[in-house]
Amino acid sequence: MTRKIRLGMVGGGADAFIGGVHRIASRIDGHFDLVAGALSSTPEKAQASGRALGLDEDRIYDDFTEMAKREARLKNGIEAVAIVTPNHVHYPAAKEFLKRGIHVICDKPLTSTLADAKKLVKAAEKSDALFVLTHNYTGYPMVRQAREMVANGDLGRLRVVQVEYPQDWLADAAETKGVKQAGWRTDPERSGLGGAIGDIGTHAFHLADYVTGLTLDSLAADLTSFVEGRRLDDNGHVMLRYEGGAKGMLWCSQVAVGNENALKLRVYGEKGGLEWEQEHPNHLWFTPFGEPKRLITRNGAGAGDAANRVSRIPPGHPEGYLEGFANIYSEAATAIRAKTDGTDLPSEVHFPTVHDGLTGVAFVDACVRSSKRDGAWVKLS
Numbered sequence: 032m033t034r035k036i037r038l039g040m041v042g043g044g045a046d047a048f049i050g051g052v053h054r055i056a057s058r059i060d061g062h063f064d065l066v067a068g069a070l071s072s073t074p075e076k077a078q079a080s081g082r083a084l085g086l087d088e089d090r091i092y093d094d095f096t097e098m099a100k101r102e103a104r105l106k107n108g109i110e111a112v113a114i115v116t117p118n119h120v121h122y123p124a125a126k127e128f129l130k131r132g133i134h135v136i137c138d139k140p141l142t143s144t145l146a147d148a149k150k151l152v153k154a155a156e157k158s159d160a161l162f163v164l165t166h167n168y169t170g171y172p173m174v175r176q177a178r179e180m181v182a183n184g185d186l187g188r189l190r191v192v193q194v195e196y197p198q199d200w201l202a203d204a205a206e207t208k209g210v211k212q213a214g215w216r217t218d219p220e221r222s223g224l225g226g227a228i229g230d231i232g233t234h235a236f237h238l239a240d241y242v243t244g245l246t247l248d249s250l251a252a253d254l255t256s257f258v259e260g261r262r263l264d265d266n267g268h269v270m271l272r273y274e275g276g277a278k279g280m281l282w283c284s285q286v287a288v289g290n291e292n293a294l295k296l297r298v299y300g301e302k303g304g305l306e307w308e309q310e311h312p313n314h315l316w317f318t319p320f321g322e323p324k325r326l327i328t329r330n331g332a333g334a335g336d337a338a339n340r341v342s343r344i345p346p347g348h349p350e351g352y353l354e355g356f357a358n359i360y361s362e363a364a365t366a367i368r369a370k371t372d373g374t375d376l377p378s379e380v381h382f383p384t385v386h387d388g389l390t391g392v393a394f395v396d397a398c399v400r401s402s403k404r405d406g407a408w409v410k411l412s
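The opening residue of the sequence shown carries number 32 in my numbering; numbering runs sequentially from there.
Quick look at the structure:
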């Protein structure tokens, strides 16, 4: 059996939803072993969280700088670190590990500011370590299938892209009721300039980019904070103009009552259209122009190599959020081992990078600038 990669974690302590998701995703295919962590900004909570996860006492750290320095010196120190903190910690934490040659697997968005995103790109390019960004929806088999079909020309020249991500969990002032996840996501000091547009809008934007391969030219955004007193947007409507002439629309909302995690992508070209919904992830609808609608299922009839290589179980058995997340970790493990062994990375292996992260933060920045100018068309910085 291939030796497991020694993994550390920054953030993700008690009561942190995304930390648990990352830990599960890292274990599903057996590639990683969590051996160290700086799991909270509060020393007492960091220690308690580390003990609860069974970490050795001397591998539980009170802060990420101490962790990066010591782990880099240890013979059996971590080879990779997962950063699962609020946005404003991504840059300083990632920088500490990158400069010591430790591979970084970072939650999205890349950073809380565009300036930090640009600095992190430079740090990643200067480092010999890999940088993986967990836009986890790109790990779904049917998303890989859609991307392959677009690249193969099954839709012809693309014309229209529609993507949306509505939720309802912030329909009231949850941040004033002690809800931890709401607290930092609505705080510009920790989240950055974007609220919903940064939290879930970046997922929708990256999903559209990933499947279509299009490059955004400019956008016009209308961001709104519907909940009284909320400092960041909780709803966003964005019109998109892509290079080459395709047009798009993006809607993200965390006040859309009745929606849970309703991420949906529709792509239309001269020869056909595709539809995919995150809440029904094993189904992809394909409609060739002038023909009946066709259902392609995960690991079933019509699914190609891009989907099948990231599927684990037979058709009809659902795979979803955790498995898609795990695919990003498995791709990262393959890349880390190739880097360690000095071998070429297989061409079919890919994952979101620091450059994808920079584009995502630039997207948020452009949306905020456009909205402040009453929806004026702006280009990404």
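From the three backbone atoms N, C-alpha and C, an ideal C-beta is built for every residue, glycine too.
Secondary structure at residue 114, three-state DSSP: helix, strand or coil? Position 83 of the sequence shown, counting from 1, holds the residue named residue 114. Of the three classes helix, strand and coil, the one that applies to residue 114 here is strand, per DSSP.
Could you tell me which uninterrupted beta strand (DSSP E) segments, each at least 3 residues in length, are contained entirely in the region 171-220, listed from first to last along the chain? 189-197
According to DSSP, is residue 169 part of a helix, a strand, or is it coil? Here residue 169 refers to the residue found at position 138 when the sequence shown is read from its first residue. Helix, per DSSP.
Secondary structure, alpha helix (DSSP H): runs of 4+ residues fully inside the region 275-352: List check, alpha helix (DSSP H) in window: 336-339.
Mapping the DSSP letters down to three states, classify residue 249 as helix, strand or coil. For the purposes of this step, residue 249 is taken as residue 218 along the sequence shown, with counting starting at 1. Looking at residue 249 - three-state DSSP - the assignment turns out to be strand.
Nearest residue (CA-CA) to residue 367, options 390, 354, 382 and 356: On the sequence shown, residue 367 is found 336 positions in, with the first residue counted as 1. The shortest C-alpha separation from residue 367 is found at 382.
Just the Cα atoms here: how many angstroms apart are residue 166 and residue 340? For the purposes of this step, residue 166 is identified with residue 135 of the sequence shown, where counting begins at 1. For the purposes of this step, residue 340 is identified with residue 309 of the sequence shown, where counting begins at 1. Taking the straight line from one Cα to the other gives about 18 angstroms.
Under 8 angstroms: do the region 396-408 and the region 98-113 share three or more Cβ pairs, one atom per stretch? no
Under the DSSP definition of a beta bridge, which residues are partnered with residue 108? If you number the sequence shown from 1, residue 108 lands on position 77. Residue 108 is not bridged to any residue.
Taking only the alpha-carbon atoms, compute the straight-line gap between residue 94 and residue 71 and give it to the nearest angstrom. Numbered from 1 along the sequence shown, position 63 holds the residue referred to as residue 94. Numbered from 1 along the sequence shown, position 40 holds the residue referred to as residue 71. Per the coordinates, the alpha-carbon of residue 94 lies some 8 angstroms from the alpha-carbon of residue 71.
With a CB to CB cut of under 7 angstroms and the five nearest residues on each side skipped, what residues in its chain are close to residue 413? No answer is possible for residue 413: the residues shown for the chain start at 32 and end at 412.
For residue 471, which option in 216, 123, 131 and 112 has the closest C-alpha, if you only look at C-alpha atoms? What the structure shows of the chain is the stretch from 32 to 412, and residue 471 is not part of that stretch, so it cannot be assessed.
So what's residue 45 in DSSP terms, helix, strand or just coil? The residue given as residue 45 occupies position 14 in the sequence shown. Shown here, residue 45 sits in coil according to DSSP, grouped into three states, outside any helix or strand.
Is residue 53 helix, strand or coil when you go by DSSP? Start at 1 with the first residue of the sequence shown, and residue 53 comes out as number 22. Helix at residue 53.
When you compare the region 182-189 with the region 220-234, are there three or more beta-carbon pairs, one atom per stretch, that lie closer than 8 angstroms? no
Considering just the uninterrupted stretch of the beta strand (DSSP E) at residue 387, what are its terminal residues? The sequence position of residue 387 within the sequence shown is 356, counting from 1. Per DSSP, residue 387 belongs to no beta strand (DSSP E); it is in the alpha helix (DSSP H), 385-403.
Taking DSSP as the reference, what is the three-state secondary structure of residue 133? Taking the sequence shown and counting its residues from 1, one reaches residue 133 at position 102. Coil at residue 133, not helix or strand.
Could you tell me the alpha carbon to alpha carbon distance between residue 287 and residue 379, rounded to whole angstroms? Indexing the sequence shown from 1 puts residue 287 at position 256. Indexing the sequence shown from 1 puts residue 379 at position 348. When rounded, the distance between both Cα atoms is 37 angstroms.
Take the Cβ of residue 271 as the centre, count every other Cβ of all protein chains shown within 10 Å, and call the residue buried at 16 or more, exposed below. In the sequence shown, the residue the question calls residue 271 occupies position 240. Classification for residue 271: buried.
Residue from 216, 180 and 255 with nearest C-alpha to residue 267: Walking along the sequence shown from the start, residue 267 turns up at place 236. Ranking 216, 180 and 255 by CA distance to the CA of residue 267 puts 255 first.
Tell me, which residues are paired with residue 260 by DSSP? Within the sequence shown, the letter at position 229 stands for residue 260. Answer is none; residue 260 lacks a bridge partner.
Of the residues 360, 82, 208 and 52, the one placed nearest residue 61, counting alpha carbons only: Translated into the one-based positions of the sequence shown, residue 61 becomes position 30. Taking only the C-alpha atoms, the option nearest residue 61 is 360.
Cβ shell of residue 294 (< 6 angstroms), same chain only, five flanking positions each side left out: As a first step, residue 294 must be located in the sequence shown, where it is residue number 263. For residue 294, where only same-chain residues beyond five positions count, the Cβ hits under 6 angstroms are 196 and 309.
In three-state DSSP terms, what is residue 243? Counting from 1 along the sequence shown, the entry for residue 243 is found at position 212. DSSP places residue 243 in helix when its eight states are reduced to three.
Have a look at residue 139 and residue 129 and give me their C-alpha separation to the nearest angstrom. As a position in the sequence shown, residue 139 is number 108, starting the count at 1. As a position in the sequence shown, residue 129 is number 98, starting the count at 1. Going from the Cα of residue 139 to the Cα of residue 129 covers about 17 angstroms.
Which residue from 87, 78 and 55 puts its Cα closest to that of residue 432? Because the chain is modelled from 32 through 412, residue 432 falls outside the range shown and cannot be assessed.
Using three-state DSSP, classify residue 70 as helix, strand or coil. Locating residue 70 in the sequence shown gives position 39, counting from the first residue. In the structure shown, the three-state DSSP call for residue 70 is coil.
Rank 273, 223, 248 and 365 by C-alpha distance to the C-alpha of residue 263 and give the top, closest one. Walking along the sequence shown from the start, residue 263 turns up at place 232. The candidate whose alpha carbon is nearest that of residue 263 is 223.
So what's residue 142 in DSSP terms, helix, strand or just coil? Along the sequence shown, read from residue 1 onward, the residue named residue 142 stands at position 111. Three-state DSSP puts residue 142 in coil, outside helix and strand.
Please name the residue, chosen from 142, 221 and 156, that lies closest to residue 393 on a Cα-to-Cα basis. Residue numbering aside, residue 393 sits at position 362 when the sequence shown is read from its first letter. Closest option to residue 393, Cα to Cα, is 142.
Backbone CA spacing between residue 215 and residue 118 [nearest angstrom]: For the purposes of this step, residue 215 is taken as residue 184 along the sequence shown, with counting starting at 1. For the purposes of this step, residue 118 is taken as residue 87 along the sequence shown, with counting starting at 1. Cα to Cα, residue 215 sits roughly 9 angstroms from residue 118.
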